[in-house]
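Shown next, in C-alpha cells, is the structure this report addresses.
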Amino acid sequence: FSSDKNKPLQADSQGLKNLVESSVEKYFQVTNENPLVGVAGRVSLLKNLGTAVQNTTLFPHKRPGSIIDYLMTKYGTDIPAEGLLRAVLDGLGMIWPGRINFNGVNLGDVWKHQGTGELIAFHKLSQWMTYSLVEPLMEVGFKITGAEKLTGLAEYRNGGLILDFGLITAKNQADLQKAWKPEEDFIIEWRALTVCMLDLIGSAVQKSLGKSPQDFPLAKVLEGGTWAAGRKIAASMRAGGGPPFQIISDGTVF
Numbered sequence: 027f028s029s030d031k032n033k034p035l036q037a038d039s040q041g042l043k044n045l046v047e048s049s050v051e052k053y054f055q056v057t058n059e060n061p062l063v064g065v066a067g068r069v070s071l072l073k074n075l076g077t078a079v080q081n082t083t084l085f086p087h088k089r090p091g092s093i094i095d096y097l098m099t100k101y102g103t104d105i106p107a108e109g110l111l112r113a114v115l116d117g118l119g120m121i122w123p124g125r126i127n128f129n130g131v132n133l134g135d136v137w138k139h140q141g142t143g144e145l146i147a148f149h150k151l152s153q154w155m156t157y158s159l160v161e162p163l164m165e166v167g168f169k170i171t172g173a174e175k176l177t178g179l180a181e182y183r184n185g186g187l188i189l190d191f192g193l194i195t196a197k198n199q200a201d202l203q204k205a206w207k208p209e210e211d212f213i214i215e216w217r218a219l220t221v222c223m224l225d226l227i228g229s230a231v232q233k234s235l236g237k238s239p240q241d242f243p244l245a246k247v248l249e250g251g252t253w254a255a256g257r258k259i260a261a262s263m264r265a266g267g268g269p270p271f272q273i274i275s276d277g278t279v280f
C-alpha cells in the first residue's frame, strides 16, 4: 500500500494506485481452498481509493488516515458521528463503481426502486467504515457524539437473520431459489426491510437491557447480536453458511 520503501507500513496515494490483483492474492493467501470473493472488484476499490486521497481538502497528506487531520481542523476533538459519516461519503464516494450519478456526484450504494421510482440509499460499506472508526478514535482521545443516529447495515448477515427467522418472508418462495443482482427490486426491498427491522430489534434490545440509544447504540446490537446471530443461523441452515439466496456481487456492495 506504500510507495515509500522507507515507510512500508503506510498507505499512500501512489502505493494504492500501483496495486495489482496478484499482490492482493499473495498477501491475503488466496487459493482455491481459501477463496476471496470479488478480488478484482476489491482491487479496483483500492486503486480508486488511491485517486480519492489526492483530494487534499479531505486528505491533507494524500493518505487515507489524514482524513483525521481534516476532521480535527473542522471539529477539534469532539466529532459528531454524522460529520464523520459525511467525511467518509464525501472523501470516498468516488471509489465506488459508477451506478447512479446525480449532478455529477456518484451516489454509491444508492439504488432506484423500479416499483416506486424512488432512490433508496443504504451506504452500507461507508457506514460500516464509519462504525469501525468510532472506537479507535475514542481510544486515542476523541469524543464521538450521536453514533445512535447511524442506521443498521443492510447486508446479508443482518438481512439473512430476519429472513431465516421468519421475521419477513418472500412473497414468492420460488424467488429464494434465484440469483439476484443488487440493483433488482427484490434485493432493494430486502435490504430496506433489513434496516427497518434492525431499528425494531435495536429498540427491543435497549428496552430489555434498560439502556438508552445513547448508552447502547445500534452498533453494539449489530456487533454483539444480529451479525453473529445471522452467521450462526446461516451455518445451521445451509452448507457454507451463505445468505438465504444467491447474490450476484463483485465485492463492492456486500
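For the sequence shown, our numbering gives the first residue as 27, with consecutive numbering after it.
Idealized CB from N, CA, C, for every residue including glycine.
Residues that residue i bridges to, as DSSP identifies them
i: Lys150; result: Answer is none; Lys150 lacks a bridge partner.
i: Pro106; result: Thr171
i: Asn58; result: DSSP lists no partner for Asn58.
Continuous alpha helix (DSSP H) stretch holding residue i: start and end
i: Ile213; result: Asp211 to Leu235
i: Trp253; result: Trp253 to Met263
i: Val50; result: Glu47 to Tyr53
i: Val247; result: Leu244 to Val247
i: Ser238; result: It is not in any alpha helix (DSSP H) - Ser238 carries neither H nor E in the DSSP assignment.
i: Ile188; result: Tyr182 to Asp190
i: Thr195; result: Looking at the DSSP string, Thr195 is not in any alpha helix (DSSP H), and its letter there is neither H nor E.
Sequence-distant residues of the same chain with beta carbon closer than 7 Å to residue i, five excluded per side
i: Ala205; result: Gln272 and Ile274
i: Val247; result: Ile227, Gly228 and Val231
i: Trp253; result: Arg183 and Asn184
The beta strand (DSSP E) enclosing residue i, as first and last residue numbers
i: Thr171; result: Lys169 to Thr171
i: Lys100; result: Lys100 -> not in any beta strand (DSSP E); alpha helix (DSSP H) instead, spanning Ile93 to Tyr101.
i: Val136; result: Val136 to His139
Which listed residue (the options) has its alpha carbon closest to that of residue i
i: Asp116; options: Thr83, Leu45, Thr57 and Arg68; result: Thr83
i: Leu176; options: Phe27, Lys31 and Leu111; result: Leu111
i: Asn184; options: Val79, Glu249 and Ser28; result: Glu249
i: Ala255; options: Glu165, Tyr182, Lys43 and Ala265; result: Tyr182
i: Met223; options: Leu235, Phe191 and Glu209; result: Phe191
6 Å CB neighbourhood of residue i in its chain, flanking five on each side removed
i: Pro243; result: Ala173 and Glu174
i: Ile194; result: Ile188 and Leu219
i: Thr171; result: Pro106
i: Ala147; result: Val136
i: Ala180; result: Phe148, Lys150, Arg217, Thr220 and Val221
C-beta contact flag for residue i and residue j at 8 Å
i: Trp154; j: Asp135; result: no
i: Ile188; j: Thr220; result: yes
i: Gly167; j: Thr103; result: yes
i: Gly267; j: Ala260; result: yes
i: Lys43; j: Lys73; result: yes
Contacting residues, own chain, Cβ-Cβ under 8 Å from residue i (five flanking each side not counted)
i: Val69; result: Leu45, Val46, Glu47 and Val50
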